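Position 174 of the sequence shown, counting from 1, maps to 177 under my numbering, and the rest follow consecutively.
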Amino acid sequence: MVRHFFHYLFSHRWSLLLCGLLLLTLGLLIGSTSHQITYQSTQYEAMKHYLHSDNNAYLQLEDDSLYFLYPDDLNPTFTPDVLQGYSLLVVTYDTQDMLTIDKTAFNTGTNLNGSAYHVVQIAVYDENKKNPLIFTSDAYQKNPHGPYKNNWFAGGFFMLLGLAFFIRIFFLPRPIKKKEAVEEAMEQLGMSLPVATSQFYQKAMVQESWPPQELPSTHE
4 MVRHFFHYLF
14 SHRWSLLLCG
24 LLLLTLGLLI
34 GSTSHQITYQ
44 STQYEAMKHY
54 LHSDNNAYLQ
64 LEDDSLYFLY
74 PDDLNPTFTP
84 DVLQGYSLLV
94 VTYDTQDMLT
104 IDKTAFNTGT
114 NLNGSAYHVV
124 QIAVYDENKK
134 NPLIFTSDAY
144 QKNPHGPYKN
154 NWFAGGFFML
164 LGLAFFIRIF
174 FLPRPIKKKE
184 AVEEAMEQLG
194 MSLPVATSQF
204 YQKAMVQESW
214 PPQELPSTHE
C-alpha cells in the first residue's frame, strides 16, 4: 500500500506540484522563525538554596526563581564558598534554555521543583552592591548580547526537497490527449480499418447501368 502511494505520488504532475508547494512553504516558515536570543538578568537577589552533584548545580533565589548551571563551565569555577562576604547575586540566564527540575538534597531534604533557566553568568556583590565577582560562561563571552538562532539550514532542506519535486515534473512522460490516444489505439488494432470501411461504403453504392434495365410494365 505504501509502495503504491509513493508510485502514485511520483507519477502525477498535480501531486508533485502540490507536495513541492507544501515543502517550499514549510521551509520558508521554518526559516522565518530565526531570531536573536536575548539574555535576561535578575535584580540583586540573595541566594536561598544551592544544590549540586558532579558538574550540575541548581540554585534558588529569594524570589523563589529557579536556575541550573554547570559550575565547571563558568570562569572561574563557581562554588558556594565564594559567597563568603558576599550577600547579593545578579544572575544572567538564557530565556530559551529551560528545564523542569525536581531535585532533593539527601542531607537536608530541601526540594527544588519547577522550571529552571540556564545560567550563563553570575555576578556576586557585597551588601552595598559593590566589589563584584563575576563568573562567566564561554557562551556569554562569545555572545554577550545573546546568540542568533538560525533556522534557515533546516528550512533550506525542505525548500530544496520541494524544488526536487518540481524538477521531477519535467521527467514525467508527456500526457497523451484523447484524440492521440484513439489514433494510437487504432494503430495498434491495424491500419486497414479505415480502408476496409471505405471499401464497404464503395461496394454499397455500386449499381449496374448497362445494359439498360426494362421497366416493369404497368399494363395487364
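Glycine residues also receive a C-beta, built at the ideal position from the N, C-alpha and C atoms. Since the structure is predicted, the reported quantities are computational estimates derived from the model, not experimental observations.
ask   = Cα separation between Lys133 and Leu92?
value = By 1-based counting over the sequence shown, the position of residue 133 is 130. By 1-based counting over the sequence shown, the position of residue 92 is 89. Our two residues, Lys133 and Leu92, have alpha carbons roughly 11 Å apart in a direct line.
request  = Out of Gly165, Ala157, Pro135, Thr28, state which residue places its alpha-carbon closest to the alpha-carbon of Gln87.
outcome  = Position 84 of the sequence shown, counting from 1, holds the residue named residue 87. Selected option, being the one with the closest Cα: Pro135.
task = Note down, in chain order, each residue of its chain lying with its Cβ closer than 6 Å to the Cβ of Gly34, except the 5 sequence neighbours on either side.
result = On the sequence shown, residue 34 is found 31 positions in, with the first residue counted as 1. Only Asn154, Trp155, Gly158 meet the Cβ criterion.
ask   = With distances taken from CA atoms, which of Gln124, Met101, Tyr61 is nearest Leu77?
value = As a working mapping, residue 77 is identified with position 74 in the sequence shown. For the residues Gln124, Met101, Tyr61, the minimum Cα distance to Leu77 belongs to Gln124.
Contacting residues, own chain, Cβ-Cβ under 7 Å from Leu164 (five flanking each side not counted) = For the purposes of this step, residue 164 is identified with residue 161 of the sequence shown, where counting begins at 1. Result list for Leu164: Leu26, in chain order.
query = Under the three-state reduction of DSSP, which class applies to Gln99: helix, strand or coil?
reply = By one-based count along the sequence shown, residue 99 stands at place 96. Strand.
request  = Could you give the DSSP three-state label for Asp67: helix, strand or coil?
outcome  = As a position in the sequence shown, residue 67 is number 64, starting the count at 1. Three-state DSSP puts Asp67 in coil, outside helix and strand.
inquiry  = Would Tyr42 and Asp97 be called neighbours here (beta carbons separated by less than 8 Å)?
reply    = Working through the sequence shown from its first residue, we reach residue 42 at position 39. Working through the sequence shown from its first residue, we reach residue 97 at position 94. At a Cβ-Cβ threshold of 8 Å, Tyr42 and Asp97 count as neighbours.
query = How about the segment 134–149 and the segment 101–108: do they share at least three Cβ pairs that are nearer than 8 Å?
reply = Contact fails between the segment 134–149 and the segment 101–108, because fewer than three Cβ pairs, one in each stretch, are under 8 Å apart.
message = Which of the three DSSP states is assigned to Gly30 in this structure?
response = Locating residue 30 in the sequence shown gives position 27, counting from the first residue. Looking at Gly30 - three-state DSSP - the assignment turns out to be helix.
query = Helix or strand or just coil, what does DSSP make of Ile170?
reply = Taking the first residue of the sequence shown as 1, we reach residue 170 at position 167. Helix at Ile170.
inquiry  = In this structure, how does DSSP classify Phe161 when only helix, strand and coil are distinguished?
reply    = Counting from one through the sequence shown, the residue named residue 161 turns up at place 158. Helix at Phe161.
ask   = What's the gap between the Cα of Phe160 and the Cα of Gly30?
value = Residue numbering aside, residue 160 sits at position 157 when the sequence shown is read from its first letter. Residue numbering aside, residue 30 sits at position 27 when the sequence shown is read from its first letter. Spanning the two alpha carbons is a distance of roughly 7 Å.
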